[in-house]
Ligand code: DHK
């Protein structure tokens, strides 16, 4: 069974300590455990990087190996055409995920490049949204959605 890739962008390594009033107090390690439990038999590649290059390399890996992607690109959501171009190559379902409701925040967070290719967007559910996204991605994979 092909793995799902759950990819997290810059500053999310500090989840739990970083602006808890926006992102909550759950750590990324706790989120990973929730995701693995929600995935059941489905293998999970759960990763975080502060590097745009590394994030793109992992999307390339998912293109060759993955069944689906959940990506929280964090700030690269709003800046990276290179990440958009990489995600366009992925043939399976992509869920763009944000802990906060980016549309209720400062205007700089309102225009996502990633949304131009994502199958669906989830924003504002908090960290507890990650395992919900895992369940949604499995449905999209079963329905062969892109
Ligand atoms: C996380 C970030 O780091 C921000 O740059 C985004 C996103 C919001 C989130 O809500 O998960 O604007």
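Residue numbers (the working numbering): 5 to 150.
Positions of the beta carbon are idealized from the N, C-alpha and C atoms, including for glycine.
For clarity, every value in this text was computed on a predicted model and none was experimentally measured.
- Taking 7 Å as the cut-off, the C-beta of residue 114 does not count as close to any heavy atom of the ligand DHK.
- Listed in chain order, the beta strand (DSSP E) elements of length 3 or more contained wholly in the region 32-120 are 48-52, 72-76 and 98-102.
- Ranked by Cα distance from residue 25, the first of 59, 148 and 109 is 109.
- The count of Cβ pairs closer than 8 Å, one atom from the region 118-128 and one from the region 93-108, reaches three, so the stretches are in contact.
- In the structure shown, residue 140 adopts helical secondary structure according to DSSP, grouped into three states.
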